[in-house]
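If you count by full-length UniProt numbering, then the sequence shown holds residues 1 to 70, one letter each, in order.
The beta carbon of each residue, even a glycine, is placed where N, CA and C say it ideally should be.
Quick caveat: nothing in here was measured; it's all calculated off a predicted structure.
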Amino acid sequence: MSLGFTEIILIALFILIVFGAKRIPELARAMGRASYEFKKAKEELNAESREFMEAAERAAEGEDKNTEKE
1 MSLGFTEIIL IALFILIVFG AKRIPELARA MGRASYEFKK AKEELNAESR
51 EFMEAAERAA EGEDKNTEKE
């Protein structure tokens, strides 16, 4: 589903009418900050899950070595 030129113009006019010209830059900044925070949180979650997986793999390798010795 893609937006055409007419739909984009209608959305822009609606935003302009609802929020006014003075509030649009504030909203854009807020959306930018929210996007940045979302990406940052996503990267932190990915790093944490990667560390968890590596720790689980190391623990599994350690268990395999212990069972081979017995």
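Quick one: measure Cβ to Cβ for residue i and residue j, integer angstroms, because I've assumed they're closer than 8 Å.
{"i": "Ile-15", "j": "Ile-24", "result": "7 Å"}
{"i": "Leu-27", "j": "Phe-19", "result": "6 Å"}
Can you name, in chain order, every residue of its own chain whose Cβ lies under 7 Å from the Cβ of residue i, other than the five neighbours on each side?
{"i": "Gly-4", "result": "none"}
How is residue i classed by DSSP in three states: helix, strand or coil?
{"i": "Lys-22", "result": "coil"}
{"i": "Ser-35", "result": "helix"}
{"i": "Gly-62", "result": "helix"}
{"i": "Ser-49", "result": "helix"}
{"i": "Leu-27", "result": "helix"}
{"i": "Leu-3", "result": "coil"}
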